[in-house]
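Which chain is which? The protein sequence lines are A and B, in order.
Positions 1 to 329 (the UniProt record's numbering) are the ones given, in order, by the first sequence.
Positions 1 to 351 (the UniProt record's numbering) are the ones given, in order, by the second sequence.
All residues carry an ideal CB built from backbone N, CA and C; glycine is no exception.
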Amino acid sequence: MTSNRELHIPLHVKYIQALGDSKDDLMYHLTAHLRLNAIYWGLTALTIMGHKNALNRDEMIEFVMSCWDDEAGGFGPHPDHDAHVHATLSAIQILIMQDALDRVDVDRVTKFILSLQQPSGVFAGDKYGELDTRFLYCAVNALSLLGRLHELDTEKTVDYIRLCRNFDGGFGAVIGAESHAAQVCVCTASLAILDRLDVIDQQTLAWWLAERQLPNGGFNGRPEKLEDVCYSYWVLSALAILKKVSWIDAEKLTAFILSAEDLEQGGIADRPGDQPDVFHTHFGIAGLSLLGFPGLGDLDPVYCMPAKLIEARGLTKDWQGLPRRALGL
Amino acid sequence: MSYLSSEDDVAPLLYCERPEWQDVTPISQYEAVSSPIAPIFYTPEYKDATNYFRGVVKTGETSERVLELTERIIRMNPAHYSAWQYRYRTLLATNAPLDVELKLMDQIAAHNMKTYQVWHHRRLLITQLTSASLAKDPVDTATAELEFIGNVLALDTKNYHTWSYRQWLLAHFDDAGLWLGELPYVDDLLLEDVRNNSAWHHRYFVVFGRGSRSQATPAEEGEVLQREIRYVKDKISVAPNNPSAWNYLRGILEYSNTPFSTLLPFTEPYTRAYVQPTDDVVDLDNPKPSSDATLPCVAALDFLAEAYVRAGGDGVGKAVELWKQLANEHDTMRKKYWEYRIKEALEGKTN
């Protein structure tokens, strides 16, 4: 098999466009609780690939607004679903990318987000109470994008993250939980937004992140677990914030991500040979962007949004991916 | 006790076909759905049950029949989080026996360990069961729960939510006997798979983290540390190329402010290219790499370099040599990291 060096952008664009068509598909129904998030993943991937308009803007905005939970004052992942902080972040990110943030009732959303913070400083995802540093990140990211970060109790929030720091320098989902690359990503990005990277033992953590790279070039999320394309983003974004992306083997990771492309239907899978999905498509492309892959737009690893939009809002933090290589090299 | 009158695989009557449910107005979901390829639970049964669920939520009904309905839904779709929450609310409203509910959950969890809601529901039940008004012997409850968690972990030894729940449970009860019982448990897991990072993390949590005894004397703490250092050395000798064990070792040395250099005699044999003949001599304090180990061990080279650079003086030069070996031969994937360490050390920066 010849090694795949190319990112098949037109194919992936078609794949993302086709996702909304398969309302009969099993996966479409099973994943209703991720719908809004999936649209964000699709739109971000398209934008980074330079094909933002491949999906209809007005339809998308109307769908986002149909996810508004007027009782709670936030967005749910699907119409009729209860508001959730992750869906709320996705809604805000989509509306910013579609230049339609004016549709959001910022006061109410801010109130909803802040209401999810626990006395300990962590955030619940919704009124049902699952606690996770991922939700803390959703809250901090969303408040920052809305220009309401100043309403957050920063000390309390940072204190919780500090208590999640483990003996290996990594971070877990809650205090006492095992270090995991996805949790490291969200804790690092949250601290970056809050200008508190001092909480991190940066050298130790960057080394732990570099250690995620396996001989096949892919990354795992914890020692002795399997590689998965999505860790390309969780690990790389944290490394970019710590400005240590050079510590991993970029060529091998690039080859790994590309080997997980589905060259028939488009999209990227968790690992070579598996079924693609929009989640792994987005995070694979996001990883490639941070690696400087030619032909892609810049992605801000703190907010996981197109870098230009974050710059325009004056929110850019001091991060560093690999330089963008010119096409044809 | 299951409120379902029949087993899952016998097709029950739809709620819309049952006379005793006629007083409820079902509410369909937002999207009109054309006929799907029948998955395991996206069926007319699921659509029907969730329609009736939306109906009872709207009227705020909390009754025994709601327990039947929510059980049916979570069996079909454990990710339906509002069904879980509404079920819990209904359990409280009907004064249902929560220990019985726990037993029912034991059966359901067997299918769906990866769903967060399964564990969140247990957390709510346990918290409620052990609150003052309903307290039996809390340690009994906790012990039974630890056994259940152990059975689940036996099938999926690194399940993140399950481990997190175990850690929550131990901290919630904070019983000395329960904490102590974790050591043989972790040991069993590591005997099965010495590379289980979750088990190593849990050991740290129990011994040095939340489970550490605040009333321990310095002498007792010293004993615990020595015991753990011996433990991790033994595990390293069994399987040297095990990042979790080396991370654990570094973690406990940092925690106790023990210089890495005290581990030099132990580490050195792991940094050689092969197991030396004289290494047959048994040294209990410094167990040697097993004869089939792949040497040199990268983590050992890394550790040795760290010990040298921290010692300072001519240790810096020795560290640089080791980092060069790592960059150029033994761990070329992370070449830039090793070169960074070399540059920093030669520029005289301390860590």
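- By the Cβ-count criterion, D99 of chain A is exposed, with fewer than 16 other Cβ atoms from all chains shown falling within 10 Å of its own Cβ.
- Counting only the Cα atoms, A269 of chain A lies some 45 Å from V139 of chain B.
- Under the Cβ criterion of 8 Å, N247 of chain B is counted among the residues facing chain A.
- The shortest CA-to-CA distance from W21 of chain B to any of B:S63, B:T43, B:I236, B:P44 is the one to B:S63.
- Nearest C-alpha to G74 of chain A among A:S90, A:L43, A:H51, A:F112: A:F112.
- Separation of R196 of chain A and V282 of chain B (C-alpha to C-alpha, rounded to the nearest whole angstrom) is 49 Å.
- Chain A places a beta carbon closer than 8 Å to that of E254 of chain B, counting this residue as a contact.
- Close to Y231 of chain A, with beta-carbon spacing below 9 Å, lies no residue of chain B; the smallest spacing is near 14 Å.
- Residues of chain A with a Cβ closer than 8 Å to the Cβ of N197 of chain B are, in chain order, E178, R222, P223, E224, K225.
- Taking a C-beta cut-off of 7 Å against chain A, the contacting residues of the region 82-94 of chain B are S82, Q85, listed in chain order.
- If only complete runs of 4 or more residues are kept, the region 191-259 of chain B shows the alpha helix (DSSP H) at 197-207, 218-238, 243-255, in order along the chain.
- In the DSSP assignment, V320 of chain B falls within the alpha helix (DSSP H) that extends over 315-325.
- No Cβ of chain B is located within less than 8 Å of the beta carbon of H280 of chain A.
- Counting only residues of its own chain and dropping the five nearest sequence neighbours on each side, A245 of chain B has a CB closer than 6 Å to the CB of V232, K235, I236.
- Taking a Cβ-Cβ threshold of 7 Å, none of the residues of chain B is close to V140 of chain A; the smallest such distance is about 21 Å.
- Look at the region 283-316 of chain B: it has no residue with a C-beta under 8 Å from a C-beta of chain A.
- By the rule that beta-carbons nearer than 8 Å mark a contact, R72 of chain B does not touch chain A.
- Against chain B, a Cβ distance below 7 Å from A210 of chain A picks out R334, Y337.
- In this structure, the CA atom of T127 of chain B is about 44 Å from the CA atom of G267 of chain A.
- When 7 Å is used as the limit between beta carbons, S246 of chain A is near these residues of chain B: K336, in chain order.
- Counting only residues of its own chain and dropping the five nearest sequence neighbours on each side, F135 of chain A has a CB closer than 6 Å to the CB of V85, F123, G125.
- For P44 of chain B, no CB of chain A lies under 8 Å from its own CB, so it is not counted at the interface with that chain.
- The Cβ of H33 of chain A sits closer than 8 Å to at least one Cβ of chain B.
- Secondary structure of P306 of chain A (DSSP, three-state): strand.
- Restricting attention to A:L194, A:E251, A:W207, A:R222, the CA atom closest to the CA of A142 of chain A is found in A:L194.
- The beta carbons of L55 of chain A and Q17 of chain A sit about 7 Å from each other, so the pair counts as a contact at 8 Å.
- In this structure R195 of chain B does not touch A154 of chain B by the C-beta definition: roughly 17 Å separates them, more than the 8 Å allowed.
- The DSSP-derived three-state label of E227 of chain A is coil.
- According to the DSSP secondary-structure assignment, G74 of chain A is paired through a beta bridge with A:D69.
- In the displayed model, R148 of chain A falls within coil according to three-state DSSP, outside both helix and strand.
- Only residues of its own chain outside the window of five on either side were considered, and among them F171, L197, I200, L205, S237, A238, I241, L242 have a CB closer than 8 Å to the CB of T188 of chain A, listed in chain order.
- The Cβ atoms of E261 of chain A and H51 of chain A lie no closer than 8 Å to each other.
- For Y128 of chain A, no alpha helix (DSSP H) segment is defined, and its DSSP state is neither H nor E.
- Contacts with chain B at 8 Å (Cβ-Cβ) do not include D107 of chain A.
- Contact annotation: A182 of chain A and G129 of chain A have beta-carbon atoms that are not nearer than 8 Å.
- Listed in chain order, the alpha helix (DSSP H) elements of length 4 or more contained wholly in the region 215-294 of chain A are 231-241, 250-259, 278-290.
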